[in-house]
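Chemist:
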DNA sequence: GTAAGTACGCACTTTTTTGTGCGTACTTGC
DNA sequence: GCAAGTACGCACAAAAAAGTGCGTACTTAC
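Protein chains in written order, with the working numbering: chain A, -19 to 92; chain B, -19 to 92.
#1: Along the chain, which unbroken stretches of the beta strand (DSSP E) at least 3 residues long are found entirely within the stretch 10 to 55 of chain A?
#2: Hey, could you find the ends of the alpha helix (DSSP H) residue 71 of chain B is sitting in?
#3: Which bits of chain A does residue 3 of chain B rub up against, with CB to CB less than 9 angstroms?
#4: Anything in the stretch 49 to 78 of chain A with a Cβ closer than 9 angstroms to a Cβ of chain B? List those residues in chain order, please.
#5: Going along chain A, which residues have a C-beta under 8 angstroms from residue 46 of chain B?
#6: Taking residue 13 of chain B as the query, report the chain A residues whose CB atoms sit under 8 angstroms from its CB, ordered along the chain.
#7: With a threshold of 7 angstroms between beta carbons, is residue 20 of chain A in contact with chain B?
#8: Since I believe residue 8 of chain B is in contact with residue 19 of chain B (beta carbons under 8 angstroms), could you give me their beta-carbon distance rounded to a whole number of angstroms?
#9: Can you give me the C-alpha to C-alpha distance between residue 81 of chain B and residue 55 of chain B, rounded to a whole angstrom?
#10: Thinking C-beta only, is residue 57 of chain B closer than 7 angstroms to residue 13 of chain B?
#11: Beta-carbon within less than 7 angstroms of residue 26 of chain B's beta-carbon, same chain only, minus the 5 sequence neighbours each way: which residues are those?
#12: If we ignore side chains and look at the alpha-carbon of each, how far apart do residue 77 of chain B and residue 84 of chain B end up?
#13: My understanding is that residue 68 of chain A touches residue 6 of chain A, with C-beta atoms under 8 angstroms, so please give their C-beta distance in whole angstroms.
#14: Please decide whether residue -18 of chain B counts as near chain A, where near means a Cβ-Cβ distance under 7 angstroms.
#15: Based on Cα-Cα distance, which residue from B:52, B:37, B:48, B:79 lies nearest to residue -1 of chain B?
#16: Tell me whether the beta-carbon of residue 74 of chain B lies closer than 7 angstroms to the beta-carbon of residue 10 of chain B.
#17: Mind checking if residue 110 of chain B is an interface residue toward chain A, Cβ cutoff 7 angstroms exclusive?
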């Protein structure tokens, strides 16, 4: 979407992940579909502007589904698509690697 | 190193990956240990400043090993550490996911 | 009637990241 | 003697990303 053509699959994957908060958003949506306001509370520290922005990008990339209910006050629900779920799964090993690294860092921190 | 504390393992992993060229560097080093100049040629488009910078960060994070030979002209060789190799492996599923996405995009491009 | 919540949009600033162009001290090849 | 290669360092510029503050049109709660 932003930097095509990609040189490899990893490149293509990292492009949709790119953004300070995207993995947190994906992670939150993997647990539950939710509304804009809920999501903002689930991702503490994010600004509304950036949340909208990153949701739009994730939607354009087919990771997130946006459902609008024509009611007042407005209601919109976000959820992961199938592709989004697969992405989340593909991130698993990376998360496990990072967890081991965190443990190592913590050990080093205790002795340093 | 840069944004600790991490909220989860994925956060910790993405932090060491963070940088426009880091995965390309890791990928190149996974195939062969190489010198600075070689690496620059293997990663076309990167500036020398940024290559040095990202190598230093990867070294500080324990992903890359830097070996200096005290000869003239200077010779330095970069290679992946064990941790770096594991990281590369952990990136596998993500790369596979991205590859599928690329195929889908290409299909869509042909019809759009 | 006033504040708060709904899901954003828009203009602007700040921060972060990346790129550009130059210099080093030395050797080899022409 | 002059260019090119070695592996960088440094000052600065450009670009990209994120954050800030304010406004919308409407409703419910107090």
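Just so it is clear, CB atoms sit at the ideal spot from N, CA and C, and this is done for glycine as well.
Modeler: Answer, in terms of the structure:
#1: 44 to 49
#2: Here residue 71 of chain B belongs to no alpha helix (DSSP H), and DSSP marks it neither H nor E.
#3: -12, -10, -9, -6
#4: 63, 66, 67, 69, 70, 71, 72, 73, 74, 75, 76, 77, 78
#5: Chain A residues near residue 46 of chain B: none, gap ~19 angstroms exceeds 8 angstroms.
#6: Per Cβ cutoff of 8 angstroms: no residues; residue 13 of chain B is ~20 angstroms from chain A at best.
#7: no
#8: 6 angstroms
#9: 40 angstroms
#10: yes
#11: 1, 20
#12: 11 angstroms
#13: 6 angstroms
#14: no
#15: B:37
#16: no
#17: The displayed coordinates of chain B run from -19 to 92. Any statement about residue 110 of chain B would go beyond what the structure contains.
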